[in-house]
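S.K.: If you scroll down you'll find the structure; I have some questions about it.
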Amino acid sequence: MGSAETHNQSREAVLARIRAALKAQAVRPEPATHSPVFPPVGKDLLATFHAACAANLMELVVTRSWDETAGALRAALTSVPTGEVFVEDAPELRQSVDSLETPVRWSSKGIPQENAVATITGCEALVAATGTILVASERGGRGGSVVAPCHIVVARESQLVPDLEAAFAHLRAESIAERNSFVGFITGCSRTADIEKIIVIGAHGPRRVVVILQMDS
Amino acid sequence: MRSSAAAEFLRKAAEKAADVAHRQTIRRNISSYDLSVGRGKLRFSDWEEARRRCAEIKWEAINHLDKYLLEFEQKVQARGGHVFWASNAEEARQYIEDLVTSRGVKLVVKAKSMVTEEIHLASALERRGVEVLETDLGEFIVQLRKEPPYHIVTPAMHLSRADISRLFREKLEGVTSDEPEELVAAARRALRKAFFAADVGITGANFLVADAGMIALTTNEGNARLCTALPRIHVAVAGIEKVIPRLADLALLWPTLATAGTGQHLTTYNTLIGGPRQPGEQDGPEEFHVILLDNGRTELLADPEQRDVLHCIRCGACLNACPVYRTVGGHTYATTYPGPIGSVLTPHLRGLEGWQHLSYASSLCGNCTSVCPVRIDLHHHLLHNRRNAVEKTRHGWLENVSFRAWRWTMMSSARFGFAGRVGRFAVRFVNKLGLSGTIIDPMRTWTRHRSLPEVPRESFRQLWRKRHGQR
Amino acid sequence: MATRIALFIPCFVDQITPQVGLDTARVLERVGCSVYFPSEQTCCGQPAFNTGHWDDARPLAERFVRVFADAETVVCPSGSCTAMVRNFYPELLASSPLRQDAIELGRRVFELSEFLVKVANVTDVEASFPHRVTFHDSCHALRELGIRNEPRELLKNVRGLELVEMPASEECCGFGGMFAVKFGAISASMGDSKAENVAATGAEYVASIDGSCLMHIEGVLRRRKDAARTIHLASVLAQEIQ
Numbered sequence: 001m002g003s004a005e006t007h008n009q010s011r012e013a014v015l016a017r018i019r020a021a022l023k024a025q026a027v028r029p030e031p032a033t034h035s036p037v038f039p040p041v042g043k044d045l046l047a048t049f050h051a052a053c054a055a056n057l058m059e060l061v062v063t064r065s066w067d068e069t070a071g072a073l074r075a076a077l078t079s080v081p082t083g084e085v086f087v088e089d090a091p092e093l094r095q096s097v098d099s100l101e102t103p104v105r106w107s108s109k110g111i112p113q114e115n116a117v118a119t120i121t122g123c124e125a126l127v128a129a130t131g132t133i134l135v136a137s138e139r140g141g142r143g144g145s146v147v148a149p150c151h152i153v154v155a156r157e158s159q160l161v162p163d164l165e166a167a168f169a170h171l172r173a174e175s176i177a178e179r180n181s182f183v184g185f186i187t188g189c190s191r192t193a194d195i196e197k198i199i200v201i202g203a204h205g206p207r208r209v210v211v212i213l214q215m216d217s
Numbered sequence: 218m219r220s221s222a223a224a225e226f227l228r229k230a231a232e233k234a235a236d237v238a239h240r241q242t243i244r245r246n247i248s249s250y251d252l253s254v255g256r257g258k259l260r261f262s263d264w265e266e267a268r269r270r271c272a273e274i275k276w277e278a279i280n281h282l283d284k285y286l287l288e289f290e291q292k293v294q295a296r297g298g299h300v301f302w303a304s305n306a307e308e309a310r311q312y313i314e315d316l317v318t319s320r321g322v323k324l325v326v327k328a329k330s331m332v333t334e335e336i337h338l339a340s341a342l343e344r345r346g347v348e349v350l351e352t353d354l355g356e357f358i359v360q361l362r363k364e365p366p367y368h369i370v371t372p373a374m375h376l377s378r379a380d381i382s383r384l385f386r387e388k389l390e391g392v393t394s395d396e397p398e399e400l401v402a403a404a405r406r407a408l409r410k411a412f413f414a415a416d417v418g419i420t421g422a423n424f425l426v427a428d429a430g431m432i433a434l435t436t437n438e439g440n441a442r443l444c445t446a447l448p449r450i451h452v453a454v455a456g457i458e459k460v461i462p463r464l465a466d467l468a469l470l471w472p473t474l475a476t477a478g479t480g481q482h483l484t485t486y487n488t489l490i491g492g493p494r495q496p497g498e499q500d501g502p503e504e505f506h507v508i509l510l511d512n513g514r515t516e517l518l519a520d521p522e523q524r525d526v527l528h529c530i531r532c533g534a535c536l537n538a539c540p541v542y543r544t545v546g547g548h549t550y551a552t553t554y555p556g557p558i559g560s561v562l563t564p565h566l567r568g569l570e571g572w573q574h575l576s577y578a579s580s581l582c583g584n585c586t587s588v589c590p591v592r593i594d595l596h597h598h599l600l601h602n603r604r605n606a607v608e609k610t611r612h613g614w615l616e617n618v619s620f621r622a623w624r625w626t627m628m629s630s631a632r633f634g635f636a637g638r639v640g641r642f643a644v645r646f647v648n649k650l651g652l653s654g655t656i657i658d659p660m661r662t663w664t665r666h667r668s669l670p671e672v673p674r675e676s677f678r679q680l681w682r683k684r685h686g687q688r
Numbered sequence: 689m690a691t692r693i694a695l696f697i698p699c700f701v702d703q704i705t706p707q708v709g710l711d712t713a714r715v716l717e718r719v720g721c722s723v724y725f726p727s728e729q730t731c732c733g734q735p736a737f738n739t740g741h742w743d744d745a746r747p748l749a750e751r752f753v754r755v756f757a758d759a760e761t762v763v764c765p766s767g768s769c770t771a772m773v774r775n776f777y778p779e780l781l782a783s784s785p786l787r788q789d790a791i792e793l794g795r796r797v798f799e800l801s802e803f804l805v806k807v808a809n810v811t812d813v814e815a816s817f818p819h820r821v822t823f824h825d826s827c828h829a830l831r832e833l834g835i836r837n838e839p840r841e842l843l844k845n846v847r848g849l850e851l852v853e854m855p856a857s858e859e860c861c862g863f864g865g866m867f868a869v870k871f872g873a874i875s876a877s878m879g880d881s882k883a884e885n886v887a888a889t890g891a892e893y894v895a896s897i898d899g900s901c902l903m904h905i906e907g908v909l910r911r912r913k914d915a916a917r918t919i920h921l922a923s924v925l926a927q928e929i930q
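Protein chains in written order, with this note's numbering: chain A, 1 to 217; chain B, 218 to 688; chain C, 689 to 930.
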C-alpha cells in the first residue's frame with residue numbers, strides 16, 4: 001500500500017494548517033517544579049516487588065538455582081490443564097524446561113495456538129514499585145505473553161529495576177524499543193470492571209500470571 | 218432560536234432527570250470510581266505536581282505539533298509502517314475501506330477507540346460487508362444492544378448485571394446466571410474465536426510517541442494485545458493531538474491516566490507498537506497503518522485561548538466529576554464525547570451554531586477543571602464557548618435584546634432601584650392573586666421546579682438609606 | 689481596629705434578600721469595622737458575563753471599578769460576586785484602560801468569611817445560634833476563591849451551634865444562574881440531590897456564603913416539603929448572644 005503515501009494529499013494540507021495555527025502563541029501553563037511525584041522506592045527491591053505482586057494478584061516464586069527454577073515451573077504447571085504449553089525459545093528457558101516431562105511448543109516452531117493452556121517466557125525487566133513485567137517481541141513474540149490463560153515468566157534478580165522511570169532508562173540503554181516492534185508492560189492479570197464496576201479477573205488475556213524469580217548468587 | 222440538537226437535548230435531559238433508577242445506577246458506579254481514585258492518588262507523593270508535569274508535557278507536544286508528528290511519521294515508516302494523514306472523517310474512512318476491500322477482509326476485531334466512534338467507522342465497514350466485532354467488553358455489550366457507548370472509559374456504565382445477563386442469554390451461548398464471572402467468560406469465549414479468525418485488528422492510540430515512532434495502548438482486558446498480535450493487518454486511528462515527545466514521558470503519563478481513569482496505578486496492559494512484524498520476529502501483523510486524523514483539530518489548535526483542549530488524554534475523569542453528567546448520563550449529549558470535555562470540544566468539531574447548547578448546560582461549578590489530570594481549564598472554556606456563541610452565531614435575538622436592556626438599567630443606580638421596585642411589586646402582586654406558576658407569572662420558569670422566595674417590600678438600599686441617610 | 693469597609697451588596701441580595709446585607713454590616717461593625725455603602729453600585733455584571741454577553745458585562749465591570757476606586761477594603765456576602773471581580777475582571781477587561789485598576793481592586797475585595805478570618809484575624813464574632821446547621825460549599829467560593837475552612841471556623845465558634853457535615857457538601861446545588869431556568873429539570877434534579885444530603889444530616893438549617901445557592905436550595909426544600917431551611921452565613925453570625 002506504498003502508493004497511499006503518494007495519494008495522501010491531505011498530508012500537506014494538515015501540516016500547513018498546523019503551522020498556520022501555531023503562529024499564534026498559547027500561554028504556557030503554571031511551571032512544574034520537577035520535585036518527585038512518587039514516594040521513594042525502598043532499597044529492598046525484592047520485598048517491594050513481592051508486595052506489588054500480591055496487590056496485583058500475580059504469583060511470585062523465588063528460587064535460588066536452575067534446579068529450583070525447574071521445580072517451580074513444574075509446580076506451576078501442575079494446576080494447568082493438559083494442552084499446548086508454548087515456550088519462548090531462549091537458552092535459559094531451554095535449560096529449565098528440558099528437564100520437565102511436559103511436551104512444549106517452542107516459539108521457534110510457530111506461534112501459540114488458540115487452545116494453548118500456558119505460555120512461558122522470559123522478560124526484559126521487572127519493575128519493583130508497580131509489579132510490572134516488561135516484555136517485547138523477542139520474548140516469545142507478541143502473543144507469547146497474552147494468548148493463554150496462564151502466563152509464566154522466568155526472570156533473574158538482576159532484572160529487577162526500581163520504578164517506571166528506571167524501566168524506561170533500561171529500554172533506552174538496551175535499545176529495546178528500536179529492536180522490537182512490540183514492547184509490553186504487564187501489570188497483573190487480565191481484568192475488566194465493565195459490569196457494574198465489579199472486577200472480574202481473566203477477560204481476554206491470562207487470568208493467572210506467575211513470576212519465577214531466580215536469585216543471582 | 219434553538220437547534221434541533223438543543224431541543225432534543227432538553228427533552229432527553231428532562232426525561233433522564235426524572236429517572237431515579239438511572240440516577241442511582243450512575244451515582245453508585247461513580248461512588249465506586251471516587252473511592253478507587255481516592256486510593257489511587259495516595260500512590261503519588263504529589264498529585265498536583267504530577268498534574269502540572271503532565272500539563273507541561275502536553276503543552277510541549279501540542280505547541281510543536283508539526284515537529285513531533287513528523288518525527289513520529291518518519292520513525293514509523295522506517296520500520297515499514299504506513300502513515301496516512303486524514304483531513305476529515307470521510308478521508309479516514311475511505312482509506313480504511315479501500316484497505317479492507319483490496320485485501321479481501323471479512324472480519325475485523327476492534328479495540329475500544331473513541332476516535333473510531335467519531336468517524337463512524339464500524340457502520341461504514343459493515344455497509345461494505347465486513348463484520349466488525351468490538352472486543353472491549355463494555356463496547357461489545359453496547360454493540361449487541363445497538364447503542365452508542367455511554368461513557369468514554371466505561372461504555373456500559375448505565376447497565377446492571379441483570380440487563381447484561383438478559384442480553385447475553387439472547388445473543389450468546391452458555392449463559393445461565395447474572396454472575397459477572399460467567400458473563401465475562403461467555404464474552405471471552407465468543408470473542409476468542411474472532412481474535413484468531415480476524416483479518417484486521419483496529420485500535421486507537423492513547424499516545425503517539427514521537428521519539429520512538431510507536432503508538433501506546435492502555436487497556437485492562439488484553440483485547441488490544443490480541444488485536445495487534447493475531448490478525449495480519451493492524452490499523453491504528455488517532456487524533457493528531459495524541460502525540461507526545463518522548464517514550465520516557467509515559468513513566469508519568471501512564472500512571473496519571475490510569476489513576477484518573479480508573480483509580481489504578483497502572484492498567485494491566487500498557488503496550489507499545491512501532492511497526493509490522495520485523496525481520497526475525499515470530500509473530501505480529503504483516504502490515505501496520507496509522508491514520509492521523511484532523512477532523513477539526515487544527516481549527517482548535519488555531520485558537521490559542523482554547524488550544525489546551527487538545528491536551529486531553531481521554532481519561533473520563535471530568536465526566537465522573539460533572540453533576541450534570543451524573544444527572545443526565547452519557548447518551549443525552551448525543552455526541553461522541555459527552556461530559557465536560559465533550560461540551561467544550563464538540564462545537565469545535567461539529568460547529569458552534571448547532572452545539573452551543575452543551576456549553577450552556579452547565580452550572581459552571583468547575584469540578585471538571587479541578588479533576589483534569591492535564592489541567593485543562595474546562596469550565597472557563599465553557600464560558601468562552603458561550604461568549605463565542607453570542608458574538609459569532611445567530612444566538613437568540615430575544616436574549617440579546619434582554620441583556621441590552623438589562624445593561625442599560627444597571628448602568629444607573631436610580632434605574633436599577635426603580636426597576637427593582639417595579640419587579641418586586643409585580644411578583645408580589647401576582648403571588649397575592651394566587652397566579653404564581655401560571656402563564657402570566659413572570660417567574661414561572663423558576664416556579665415550575667422550585668418554590669419562589671418571599672419577595673421583600675423594600676430593598677437593601679432603601680433600608681440602608683432609611684437608617685443611615687445617603688451614606 | 690476601625691477598618692473602613694465599603695459594602696459590596698450583590699444585586700439580588702439588594703432586591704430579594706436585603707436582610708443578608710444588613711446582617712453583613714452588623715457583623716462587620718461588631719468586630720470593630722466602620723462600614724459604608726457606596727450607593728452608586730448596581731451589579732458586578734456576572735449574569736451577562738456568564739451567559740456569554742461580555743459586551744454587556746464589560747461596561748458594568750468598568751462602572752464597578754470606578755464606583756469602588758477609592759475604597760480601601762471591600763467586603764461582599766457572596767463568593768460568586770467576589771470571584772467575578774477578583775478572578776474574571778482581568779480577563780473581561782483585558783483590553784480596557786481600567787484593566788490594571790481592576791486587578792488592583794481584586795486584591796482589595798473579599799468575601800465576608802475570608803475577610804473576617806484572613807484579613808481581620810477574627811474567628812469568633814460573638815454570635816449565638818443554638819441549632820444544628822450543615823454547610824453547603826458554593827462552587828465559586830470553593831473552586832475560584834479557595835474558601836473552605838473560613839466559614840467553618842466561624843460557625844464553630846457560634847454559641848450553641850452544632851455543625852454537621854453533609855455528604856457531598858462540595859457538589860454543586862444546581863443553581864448556576866441562567867442554567868437554573870434554561871435547564872430547569874437538570875437544575876431541579878441537582879437541587880434534589882443536595883436536599884437529600886441536607887436531610888441526611890437532620891440539620892435544621894443549611895448555611896452557605898452564597899445567597900443564590902440558598903435561594904435555589906430553599907425553593908427545592910419547600911417544594912419537597914422538607915423541614916430544613918436555608919440561612920446565609922452573615923445571618924447566622926449576626927445573631928447576637930442574648
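All residues carry an ideal CB built from backbone N, CA and C; glycine is no exception.
Check each residue of the segment 191-204 of chain A: if its Cβ is closer than 8 Å to any Cβ of chain B, include it; give the result in chain order.
M.R.: So the close ones are R191, T192, A193, D194, I195, E196, K197, I198, V200, G202, A203, H204.
S.K.: Counting Cβ pairs, one atom from each stretch, are 3 or more of them under 8 Å apart for the segment 753-773 of chain C and the segment 792-809 of chain C?
M.R.: The segment 753-773 of chain C vs the segment 792-809 of chain C: in contact.
S.K.: Does any C-beta atom of chain B lie closer than 9 Å to the C-beta of E906 (chain C)?
M.R.: It does; some Cβ of chain B falls within 9 Å.
S.K.: When Cβ atoms are compared, which residues of the segment 575-588 of chain B fall closer than 8 Å to chain C?
M.R.: Cβ contacts with chain C: Y577, A578, S579, S580, L581, C582, G583, N584, T586, S587.
S.K.: Anyone know if the C-beta pair for H904 (chain C) and V708 (chain C) falls short of 9 Å?
M.R.: Cβ distance not < 9 Å, so H904 (chain C) and V708 (chain C) don't count as in contact.
S.K.: With C-beta atoms as the reference, is H482 (chain B) less than 9 Å away from T488 (chain B)?
M.R.: Result no, Cβ atoms of H482 (chain B) and T488 (chain B) do not sit closer than 9 Å.
S.K.: Is R645 (chain B) near the ligand MN, judged by its Cβ being under 8 Å from some heavy atom?
M.R.: Among the components modelled here there is no ligand, and therefore nothing to report on the ligand MN.
S.K.: Helix, strand or coil for Y893 (chain C)? Go by DSSP, reduced to three states.
M.R.: It is a strand residue.
S.K.: Opposite T420 (chain B) in the DSSP bridges: which residues?
M.R.: Its beta-bridge partners are B:A453.
S.K.: Counting only Cβ pairs nearer than 7 Å, list the residues of chain B close to R751 (chain C).
M.R.: Result: M628.
S.K.: Does any residue of chain B have a CB that is nearer than 9 Å to the CB of R831 (chain C)?
M.R.: By this cut-off, R831 (chain C) is an interface position.
S.K.: Give the DSSP bridge partners of V147 (chain A), in chain order.
M.R.: Beta-bridge pairing links V147 (chain A) to no other residue.
S.K.: Mapping the DSSP letters down to three states, classify Q294 (chain B) as helix, strand or coil.
M.R.: Three-state result, Q294 (chain B): helix.
S.K.: Can you pull the chain B residues whose beta carbon is under 7 Å from the beta carbon of I111 (chain A), in chain order?
M.R.: Under the 7 Å cutoff, chain B gives Q499, D500.
S.K.: Does any CB atom of chain B fall closer than 9 Å to the CB of R208 (chain A)?
M.R.: So no, R208 (chain A) is outside the interface.
S.K.: With distance defined between alpha-carbon atoms, name the residue in B:R296, B:A234, B:L338 nearest to N305 (chain B).
M.R.: With distances taken between Cα atoms, N305 (chain B) lies closest to B:L338.
S.K.: Which of the three DSSP states, helix, strand or coil, is assigned to E853 (chain C)?
M.R.: Correct three-state label for E853 (chain C): coil.
S.K.: So what does DSSP say about Q113 (chain A), is it helix, strand or coil?
M.R.: Coil.
S.K.: My parser needs the alpha helix (DSSP H) runs of 4 or more residues fully inside the segment 450-530 of chain B; what are they?
M.R.: Fully enclosed alpha helix (DSSP H) runs of 4 or longer: 467-479, 514-518.
S.K.: Taking buried to mean at least 16 other C-beta atoms within 10 Å of its own C-beta, is A173 (chain A) buried or exposed?
M.R.: Answer is exposed; the Cβ neighbour count stays below 16.
S.K.: When you compare the CB of S658 (chain C) with every CB in chain B, is at least one pair closer than 9 Å?
M.R.: Residue numbering for chain C in the displayed model covers 689 to 930; residue 658 (chain C) lies beyond these limits and cannot be assessed.
S.K.: Could you check the C-alpha separation between I697 (chain C) and R240 (chain B) for me, to the nearest Å?
M.R.: Each residue's Cα considered, the two are about 37 Å apart.
S.K.: Leaving out five residues on either side along the sequence, give the residues of the same chain with a beta carbon under 7 Å from the beta carbon of G533 (chain B).
M.R.: So the list reads H368, I369, V370, G478, once near-sequence residues are dropped.
S.K.: Taking Cβ-Cβ distances below 8 Å as the criterion, which residues of the segment 228-241 of chain B are in contact with chain C?
M.R.: Within the segment 228-241 of chain B, the residues whose Cβ lies closer than 8 Å to some Cβ of chain C are A230, A231, A234, A235, R240, listed in chain order.
S.K.: So, using beta-carbon positions, are I874 (chain C) and S826 (chain C) closer together than 9 Å?
M.R.: Going by C-beta atoms, I874 (chain C) is not nearer than 9 Å to S826 (chain C).
S.K.: Which partner residues of S722 (chain C) appear in the DSSP bridge assignment?
M.R.: According to DSSP, S722 (chain C) bridges with C:R692.
S.K.: I'd like the span of the alpha helix (DSSP H) that includes E68 (chain A), first residue to last.
M.R.: Taken as a continuous stretch (DSSP letters only), the alpha helix (DSSP H) holding E68 (chain A) covers 66-78.
S.K.: Below 9 Å on C-beta distance, what does H598 (chain B) contact in chain C?
M.R.: Those do not exist, as H598 (chain B) stays about 12 Å from chain C at its closest Cβ, beyond 9 Å.
S.K.: At a Cβ threshold of 9 Å, is V347 (chain B) touching chain A?
M.R.: Not an interface residue.
S.K.: With a threshold of 9 Å between beta-carbons, can L171 (chain A) be considered close to chain B, or not?
M.R.: L171 (chain A) counts as touching chain B.
S.K.: Residues of chain A with CB under 9 Å from Y486 (chain B), in chain order?
M.R.: V146, G184, F185, I186, T187, S190, G205, listed in chain order.
S.K.: For the beta strand (DSSP E) containing I358 (chain B), name the first residue and the last one.
M.R.: That residue, I358 (chain B), is in no beta strand (DSSP E); its alpha helix (DSSP H) goes 354-361.
S.K.: Which same chain residues, not among the five before or five after A636 (chain B), have their C-beta less than 6 Å away from its C-beta?
M.R.: T626, listed in sequence order.
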